[in-house]
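Contents: one structure, followed by commentary.
Residue numbers (the numbering used here): 19 to 390.
Set out below in structure tokens:
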């Protein structure tokens, strides 16, 4: 709970800093834009206000996500943070579309800007402030694993580029008399819209459910295999219930000589180690029994593995078990997602094994390639 509270405090503190900075910048830019007649600066000020609103939503989302689990939400409320990130993306997208409309209006009905030295100084200062703030917020977001802060920081860094473009347009107008304000507004709007779409796409991908980070899944499996009795770890599934809440399950392959008591002790030890090391809750540890006392079974397993793995696109065979008394052969295979005809390959493998061992009933599970 202390770690959760600390994370929440960091996100809120960072968001408050963002709100204060953006409101201050928005006020200065709006004043400069209205006095000088610069649509680009006014739009930049509006964008700062949208950033401040994003920070307010981040705070609200963080507070709601930090609520303790209840009967209706036994895994907590952590996923609210993803909804927050989606709302921020939609705000950025809306701001971009609105800016585009206003910029087009200014192209059709141009207004001559009137820049002052003070205006240029304020815009230049905004470039520096937004760049520093963006890097700060994004780095904090990565540190505490907050998509909302990462999105806000990325947006702020983009704003620094937009402000710099506005400054360049002002200098061009002062030196040449050519006004690019409205056209620059269109370009700025395009950047904002693209950023909003990218953020929305990334957030929706997280909500839908993404493949877990390869380094994490490999490290978890390697840690499980540190158990002396475990001969392999497979089918690791991790469900994301918020940035700091991963709940999952895994299958381990162990010798068929282990007793229920041995398995229980080993399972509890694995669950404890994985939680302490990775903060991942393994809700279930399934068992694959490995034949160890029959040379004939070992030979058949070796031959079946050879048959299956000879096919291109097969990534793994695991969970092999042979019930010689009931003439049943069971194992799982993983076929590459990139293979277009996965079902056809499965049928081919089934037929190959059946042809080699017609006396056995086959139970071949076509597992999904869910983790590395």
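Heads up, the beta-carbon is just placed ideally off N, CA and C, and yes, glycines get one too.
All values reported here derive from a predicted model rather than from experimental measurement.
The DSSP assignment places complete beta strand (DSSP E) segments of no fewer than 3 residues inside the segment 229-308 at 250-258, 264-273 and 298-308, in order along the chain. Setting aside the 5 residues that flank it on each side, residue 295 is surrounded in the same chain by 241, each with a C-beta closer than 7 Å to its C-beta; the list follows chain order. Judged by DSSP secondary structure, residue 224 falls within the alpha helix (DSSP H) whose first and last residues are 199-226.
In the three-state reduction of the DSSP assignment, residue 105 falls in the helix class, which pools H, G and I. Linking residue 164 to residue 354 through their CA atoms gives a straight-line distance of about 31 Å. By the criterion of at least three beta-carbon pairs nearer than 8 Å, the segment 24-33 is not in contact with the segment 44-53. Here the alpha carbons of residue 121 and residue 103 stand approximately 27 Å from one another. Looking at 216, 389 and 260, the one whose alpha-carbon comes closest to that of residue 85 is 260. If you draw a straight line from the Cα of residue 258 to the Cα of residue 299, it comes to about 11 Å.
Measuring C-alpha to C-alpha distances from residue 385 to each of 255, 358 and 292 identifies 255 as the nearest. Counting only runs of 4+ residues, the alpha helix (DSSP H) found wholly inside the segment 77-161 occupies 98-126, in chain order. Distance from residue 147 to residue 43 at the Cβ level is roughly 6 Å; contact confirmed, criterion being Cβ atoms closer than 8 Å. Straight-line spacing of the CA atoms in residue 292 and residue 119 works out to 53 Å. Listed in chain order, the beta strand (DSSP E) elements of length 3 or more contained wholly in the segment 321-353 are 332-341 and 346-353. The C-beta of residue 226 has fewer than 16 other C-beta atoms within 10 Å across all chains shown, which makes the residue exposed. Rounded to whole angstroms, the separation of the alpha carbons of residue 200 and residue 124 is 6 Å. Residue 330 and residue 364 have their C-alpha atoms some 11 Å from each other. Fewer than three beta-carbon pairs drawn from the segment 139-146 and the segment 195-215 are found closer than 8 Å, and the two stretches are therefore not classed as touching. Between residue 96 and residue 262, the CB-CB gap stays under 8 Å.
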